[in-house]
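Asks: Once you've had a glance at the structure underneath, I'll fire off some questions.
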Amino acid sequence: MKILSISTATSDLSVALNDDEQIISETVEPNKRNHSVDLDPDIDRLLQEQGLSLKDIDRFAVAIGPGSYTGLRVGLTTAKMFASILGKDLVGISTLQALAQNFAGQEALVVPALDARNQNFFAGAYRQAEAVIPDGHYALSELLDQLKDQGDKKFIFLGSNFSKYMEMIKDQLADRELIFASGDENLLHAGQVGRLAAKAAPIDPDQAVPNYLRRTQAEYDWHKKTGQAFAPDSEYVEEV
1 MKILSISTAT SDLSVALNDD EQIISETVEP NKRNHSVDLD PDIDRLLQEQ GLSLKDIDRF
61 AVAIGPGSYT GLRVGLTTAK MFASILGKDL VGISTLQALA QNFAGQEALV VPALDARNQN
121 FFAGAYRQAE AVIPDGHYAL SELLDQLKDQ GDKKFIFLGS NFSKYMEMIK DQLADRELIF
181 ASGDENLLHA GQVGRLAAKA APIDPDQAVP NYLRRTQAEY DWHKKTGQAF APDSEYVEEV
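Under full-length UniProt numbering, the first residue of the sequence shown carries the number 1, and numbering increases by one thereafter.
Written as structure tokens, this is what we have:
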């Protein structure tokens with residue numbers, strides 16, 4: 001099964017082609033940022049290098065969140081369009097689960113995270129690709145309390161800006177072996193998205209929405225203006 005996978009969830013842009021769980025080709029461009037401009041040319045280039053077209057793809061996979069609000073929409077919209085027009089499978093994969101796969105096979109609890117500012121993180125904890133602490137929006141102190149409750153003796157922290165709080169983490173987990181990823185170990189790879197997508201269940205392209213893990217400012221503004229309860233995305237429409 002040929003899988004084209006996309007990650008625009010972070011400032012890094014990555015696309016990959018998998019044959020089931022095997023990565024055939026992958027590009028990762030750190031700090032690309034202009035995903036709406038660069039994504040389609042990267043996909044086209046990858047397919048041309050492999051002598052393929054979009055019609056040859058069996059399944060489209062995308063990092064569905066958490067991550068940059070704009071970035072997630074760019075990647076998901078592209079994948080939804082391809083899957084819907086071509087009648088192919090669409091799979092959404094947790095950004096954090098894909099990030100944790102950078103340390104697949106390690107005998108450790110892997111803690112992937114994206115900085116949400118002010119000592120808050122979008123984070124989870126994974127043991128052999130299985131979520132031990134579910135993806136969520138956590139204050140760092142809350143996340144560390146949950147990690148302390150785990151029986152693991154070794155933790156691997158990766159993603160963005162854990163290094164800023166290294167001393168705090170070491171103080172809270174003083175009796176554990178701690179590893180902080182560095183350099184390319186912190187990059188999100190579309191190939192890992194594809195590997196996970198090979199065994200994941202497809203989703204309906206028309207119903208797929210980003211998994212932000214917290215409400216957007218637009219939702220808070222809507223709630224403040226209307227007084228209405230928070231609702232599904234499709235209900236945030238105002239008649240003018």
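Backbone N, C-alpha and C fix where the C-beta goes; we use that ideal spot for every residue, glycine too.
So, using beta-carbon positions, are N161 and D89 closer together than 8 Å?
Replies: No.
Asks: Closer than 8 Å is the cut-off here; do at least three beta carbon pairs connect the segment 113–129 with the segment 76–87?
Replies: No, they do not touch.
Asks: Quick one: give me the first and last residue of the alpha helix (DSSP H) that E26 is part of.
Replies: First-last for E26: Q22 to E29, but that is the beta strand (DSSP E), not the alpha helix (DSSP H).
Asks: For L13 and R33, what's the separation of their Cα atoms in angstroms?
Replies: Going from the Cα of L13 to the Cα of R33 covers about 7 Å.
Asks: May I ask you to check if the CB of G51 is nearer than 7 Å to at least one heavy atom of the ligand NAD?
Replies: In the structure shown, the ligand NAD is absent, as is every other ligand, since no ligand is present at all.
Asks: Quick check: the Cα distance between Q217 and Y69, rounded to an integer number of angstroms?
Replies: Residue placement at Q217 cannot be trusted, given a pLDDT of 46 that sits under 50; what the coordinates show is reported in the next sentence. Near 10 Å, if we compare the C-alpha coordinates of Y69 and Q217.
Asks: Straight-line CA distance for T77 to Q101?
Replies: Going by the C-alpha atoms only, they are around 24 Å apart.
Asks: Can you tell me which of the three DSSP states D204 falls into?
Replies: Coil at D204, not helix or strand.
Asks: DSSP puts G67 in a beta bridge; with which residues?
Replies: According to DSSP, which records beta bridges pairwise, G67 is partnered with nothing at all.
Asks: Please go through the same chain and pick out, in chain order, the residues whose beta-carbon is closer than 8 Å to the beta-carbon of L109, but skip the five residues on each side of it.
Replies: So the qualifying residues of the chain are A125, Y126, R127, V132, L147, Q150, D152, K154, F155 and I156.
Asks: DSSP three-state label for E238, please.
Replies: At E238 the pLDDT is 45, less than 50, meaning the model places this residue with poor confidence and gives no usable figure here.
Asks: To the nearest angstrom, how far is the alpha carbon of Q192 from that of D171?
Replies: Straight-line Cα distance between these residues: approximately 32 Å.
Asks: Three-state secondary structure (DSSP) at S84?
Replies: Helix at S84.
Asks: With a threshold of 16 other CB atoms inside 10 Å of the CB of Q50, please say whether the residue is buried or exposed.
Replies: With fewer than 16 Cβ atoms within 10 Å of its Cβ, Q50 is classed as exposed.
Asks: Starting from I93, follow the beta strand (DSSP E) in both directions and report where the run begins and ends.
Replies: First-last of the beta strand (DSSP E) with I93: D89 to S94.
Asks: Specify the secondary structure class of D152 as computed by DSSP and reduced to three states.
Replies: In the structure shown, D152 sits in coil (DSSP, three-state: anything other than H, G, I, E or B).
Asks: So what does DSSP say about R45, is it helix, strand or coil?
Replies: Reduced to three states, the DSSP call for R45 is helix.
Asks: Using the Cα positions of K199 and G227, report the straight-line distance between them to the nearest angstrom.
Replies: If you take the alpha carbons of K199 and G227, they lie about 42 Å apart.
Asks: Are there three or more Cβ pairs, one per stretch, closer than 8 Å when the segment 200–210 is compared with the segment 169–187?
Replies: The segment 200–210 vs the segment 169–187: no contact.
Asks: Who does E177 pair with in a DSSP beta bridge?
Replies: For E177, which the question treats as bridged, DSSP gives the partners K154.
Asks: Quick check: L17 and S7, are their CB atoms within less than 8 Å of each other?
Replies: No. Outside cutoff.
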